[in-house]
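To start, the structure itself, in structure tokens.
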Amino acid sequence: MIEIPARKGKAVRVGQGQRVRVVNTKGQQVVDTWAFNAEDMREFMSMEHSRVAIGRIIPAIGDALVTNKRRPILTLVEDTSGGIHDTLFASCDRWRYELLGCSEYHDNCTDNLWAALKALGLEPPETPAPLNLFMNIPVIDGNRVEVRPPVSTPGSYVSLRAEMDCIVAFSACPQDMLPVNGLTMRPTEAHFELLD
Ligand SMILES: [Zn+2]
1 MIEIPARKGK
11 AVRVGQGQRV
21 RVVNTKGQQV
31 VDTWAFNAED
41 MREFMSMEHS
51 RVAIGRIIPA
61 IGDALVTNKR
71 RPILTLVEDT
81 SGGIHDTLFA
91 SCDRWRYELL
101 GCSEYHDNCT
111 DNLWAALKAL
121 GLEPPETPAP
131 LNLFMNIPVI
141 DGNRVEVRPP
151 VSTPGSYVSL
161 RAEMDCIVAF
171 SACPQDMLPV
181 NGLTMRPTEA
191 HFELLD
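For the sequence shown, this note's numbering gives the first residue as 1, with consecutive numbering after it.
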């Protein structure tokens with residue numbers, strides 16, 4: 001298993017038909033997830049296009065997430081985490097933490113994405129909206145959104161099957177100013193493994 005270090009990111013090449021299993025090692029860690037077409041990084045997994053394709057805001061087992069060209073890129077094939085994820089929130093960035101009152105640089109998922117891809121010699125065309133695995137953002141009264149602790153448990157996991165050769169990037173979200181990563185607000189590591 002490959003570690004996604006606490007507060008940091010990691011990217012990996014995934015071949016068509018391979019599965020990547022993302023393990024919530026400590027149970028309360030949100031993992032921002034992106035996928036890019038390995039042949040053309042300008043095509044990437046898109047939450048706004050995926051919500052149209054699957055007809056809901058949280059993917060369920062069997063749902064194929066699609067790209068900004070509306071082609072399937074990752075299909076959710078296993079989920080032992082309780083099935084609560086988020087497709088609505090942008091990844092955190094330095095400005096998010098500044099708005100929350102942080103005066104110094106704060107690790108963030110956006111910079112983690114760019115750093116993880118840079119480690120593979122790649123650069124994304126932009127920061128797409130992520131699939132926020134294990135993130136609990138309920139829609140209340142059909143409109144309001146709220147940040148709540150994850151419902152996932154230690155060792156629970158999600159498996160995503162690649163529908164094309166792609167680059168998948170993860171960030172163990174460093175949010176420690178809101179209960180995104182549990183009420184203790186302590187970001188932890190997570191893990192993933194590639195399965196054929
Ligand atoms: Zn984050």
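Virtual Cβ for every residue (Gly too), placed ideally from N, Cα, C.
Here residue 195 is bridged, per DSSP, to 19. Inter-segment contact for the stretch 161 to 179 and the stretch 107 to 117 is present: three or more beta-carbon pairs are separated by less than 8 Å. Counting other Cβ atoms within 10 Å of its Cβ, residue 141 stays below 16 and is therefore classed as exposed. Between residue 178 and residue 147, the gap from beta carbon to beta carbon is short of 9 Å.
Taken through DSSP and simplified to helix, strand or coil, residue 118 comes out as helix. For ligand 1, a non-hydrogen atom lies closer than 8 Å to the CB of residue 30. Taken through DSSP and simplified to helix, strand or coil, residue 96 comes out as helix. Residue pairing by DSSP places residue 171 opposite 9 and 32 in a beta bridge.
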